[in-house]
Amino acid sequence: MVTGASAGIGAAMARLLAARGTNLVLVARRAGRLEDLAGACRAQGVTATVAPADLADVEARAALARAHPAVDLLINNAGLGIYGALAETDWARTERLLAVNVTALTHLSRLYAPGMAARGFGRILQVASIVGFLPVPLFAAYAASKAYVVSLGLAMDAELATSGVRVCVLCPGGTATEFFDVARGPGAPGRAPGRMMSAEAVARIGLDGLARGQRLVVAGSGNRAAVFALRFAPRGLVARLAMRVTRGR
Ligand SMILES: NC(=O)c1ccc[n+]([C@@H]2O[C@H](COP(=O)([O-])OP(=O)(O)OC[C@H]3O[C@@H](n4cnc5c(N)ncnc54)[C@H](OP(=O)(O)O)[C@@H]3O)[C@@H](O)[C@H]2O)c1
0 MVTGASAGIG
10 AAMARLLAAR
20 GTNLVLVARR
30 AGRLEDLAGA
40 CRAQGVTATV
50 APADLADVEA
60 RAALARAHPA
70 VDLLINNAGL
80 GIYGALAETD
90 WARTERLLAV
100 NVTALTHLSR
110 LYAPGMAARG
120 FGRILQVASI
130 VGFLPVPLFA
140 AYAASKAYVV
150 SLGLAMDAEL
160 ATSGVRVCVL
170 CPGGTATEFF
180 DVARGPGAPG
190 RAPGRMMSAE
200 AVARIGLDGL
210 ARGQRLVVAG
220 SGNRAAVFAL
230 RFAPRGLVAR
240 LAMRVTRGR
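Heads up: the sequence shown begins at 0 in numbering that gives the first Met the number 0, then just goes up one per residue.
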């Protein structure tokens, strides 16, 4: 099951998994895009089921799990960002961010991990971000949501260590997808970072890391170096420096 399969990293992961012979359940709100993707996946000889759902809705998540009770690989990829100071951003958008990035990811993990453990096999890929390692002004709630995902994923992997279920946290840096258009929202001044990886490259790195049994995968050598260096930097200073970068966007 790939969430957020209608665009970007999720769509790229679905295509790669289909090429590797994995049957798929594709989840996102835009059903038409999922249908197109499912067609491309089926052409690779796998089963691809479209499951349109708004993951911000608790009932939709429960219905998804009822319709697809046995999942061996859960890719919690659906997510969104919001550009702007928390005090000025629309609360409905922020609440949706938390519902998708935090609550839905946690709920789907909770729904599927028991079945995986009972069968003695399962893989969960939690898509976080390198911003999960630092406070990011003007992306404050987004970065905080990804810090949650890093923490949750690593803790879940330890909890499930003896069950045959492995949890891997993928941390992409800037990736060329629709993410920054969504994050900017209508009328906001943000722009995407200059250098970005492709969704295909990030998807491949994440799936390969998961297959190798890695707990934490940071996509790209520059991003890995940045995450390593952040361990030694005072977090308050990092936040001030990050503000200079995000203000320019
Ligand atoms: N792009 C980057 O620079 C970057 C960097 C680090 C981490 N990430 C993370 O990578 C993941 C994928 O993002 P992306 O870059 O591929 O962005 P994207 O192109 O905007 O794709 C986001 C996906 O999430 C789905 N989604 C959003 N809200 C949803 C909802 N309420 N219910 C169901 N699905 C929903 C979207 O589908 P619908 O709109 O059709 O529902 C879409 O398929 C996210 O978790 C993001 O935070 C991205």
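Beta carbons are placed, not taken as given, at the ideal position from N, Cα and C, and that holds for glycine.
ASP71 has its alpha-carbon roughly 16 Å from the corresponding atom of VAL168. Your pair LEU25 and ALA50 checks out as a contact, with CB atoms roughly 6 Å apart and the cut at 8 Å. Across the set PRO136, GLY193, MET155, the C-alpha of PRO136 shows the shortest separation from the C-alpha of GLU87. In this chain, VAL57 is not harboured by any beta strand (DSSP E); it is covered by the alpha helix (DSSP H) spanning 57–66.
The beta carbons of CYS40 and ARG14 sit closer together than 8 Å. A straight line joining the alpha-carbon of LEU133 with that of ALA238 spans about 7 Å. Each of GLY131, ALA77, TYR111 was checked against the Cα of ARG95, and the nearest Cα belongs to ALA77. Rounded to whole angstroms, ALA225 and GLN125 show a C-alpha spacing of 20 Å. At least one heavy atom of ligand 1 falls within 7 Å of the beta-carbon of GLU177. The stretch 199–215 and the stretch 105–117 do not touch, with fewer than 3 CB-CB distances between them shorter than 8 Å. The three-state secondary structure of ASN76, taken from DSSP, is coil. Set against 7 Å, the gap from the CB of THR174 to the closest heavy atom of ligand 1 is smaller.
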